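No gaps in the numbering here: position 283 of the sequence shown is 283 in our numbering, and each next residue is one more. Don't be surprised by glycine CBs; every beta carbon is placed ideally from N, CA and C. As the structure is a prediction and not an experimental result, all values here were calculated from the model.
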Amino acid sequence: MGTSNSGRRAILGGGAVVLAAAPLAAPAVAQGAGNTLQAIRDRGELRVGVAPGEPWFFRDQRSEQWHGIGWGVAVAIARELNVKPVPVETTWGNAVAGLQAGQFDVMFVLDATPQRALAVDFPVQPMFYYAQGLLVRPGLTVKAWEDVNKPEIRLGVVLGTSPDRDVTARLPRAQIERFPTADETAAAFQAGRVDAISLFHPALVMLRARVRRGTVLLPEPVRAASTSAGVRREADKSWRDWLGLTLAHLYSTGETQKIYEEYLAFRGVEAGQAPPVMREMWQSRG
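Structural data, given as structure tokens:
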């Protein structure tokens, strides 16, 4: 993600930071020779970069199996290729370097920022969408962002993230309470020290499942962003282009949303409590 989006990774998991820490190579037409799509089929394995961070990637400590929307899409992609998906652990900060080094074939839920696009390739088609949202306390009615732009509203954010920067600029009358981590923000909400929390909506859904309090909303106007999948840059674009078409198919048929809802159920979250990752469904759920 770029400066405005990369805060999502800091909120949603693992070793993410507000700005990606991985060194980025200079632009190049290709990094190494070869055809990744053919290599995947020849080895019978799709190597998938995985970095802990719900709801994208989550490893069940009991079964050692990976779950999450990123992993679920990886399984669906591997099925289309008739190969086995193989997780390769990494961090969000090292995702670009791992792709460049050929450690894995794809990193799902990696936002296509200008900085990253100098170093690796991204399909044209988005993987899915998420939006900046609110987790609001019981009894607080919110339809639009202006409904929380009031002196009596205490709004919690994670310090230095893009939601922090955004609400600071757009909601000058609200009391913005900043916390070092999402966990501390959640604790303040649970204790009633803030009236609402602003994060990106999949993170809010998982946070709501933990605190078991409040409602996740996407206030108007909806502030949406798309995510993508990163691949190694090479002269042959067969892998990038096929992946993009397949991601578009999974999205348009509702399969990506189904994968998301299956993960929510696995974690004990009702799909009706969670805004979808298909932006076309946001209005109907709102």
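Less than 7 Å between the C-beta atoms of residue i and residue j, yes or no?
i      : j      : result
Gly156 : Ala187 : no
Arg47  : Val86  : yes
Phe266 : His67  : yes
Tyr263 : Pro55  : yes
Val305 : Thr185 : Absent from the structure is residue 305, since the part of the chain shown begins at 1 and ends at 286.
Asp195 : Arg137 : yes
Gln175 : Arg154 : yes
Asp121 : Arg233 : yes
Val222 : Val106 : no
Roughly how many angstroms separate the alpha carbons of residue i and residue j, rounded to a whole number?
i      : j      : result
Pro123 : Ser228 : 7 Å
Trp71  : Pro151 : 42 Å
Arg41  : Asn35  : 10 Å
His268 : Asp236 : The question names His, yet the displayed sequence has Gly at residue 268. Looking at the two C-alpha atoms, the distance is approximately 43 Å.
Leu218 : Arg43  : 43 Å
Gln103 : Asp111 : 19 Å
In the structure shown, what three-state DSSP assignment does residue i receive?
i      : result
Ser226 : strand
Gly49  : strand
Asp195 : coil
Gln283 : helix
Ala39  : helix
Going by other Cβ atoms of all chains shown within 10 Å of its Cβ, with 16 needed for buried, is residue i buried or exposed?
i      : result
Leu245 : exposed
Gly214 : buried
Gly98  : buried
Ser63  : exposed
Arg193 : exposed
Pro172 : exposed
Val272 : Note that residue 272 corresponds to Gly in the displayed sequence, not to Val. So Gly272 counts as exposed.
Return the first residue and the last residue of the alpha helix (DSSP H) that residue i is part of.
i      : result
Phe189 : 182-190
Could you give the first and the last residue of the continuous beta strand (DSSP E) run that contains residue i?
i      : result
Val86  : 84-89
Gln175 : 175-179
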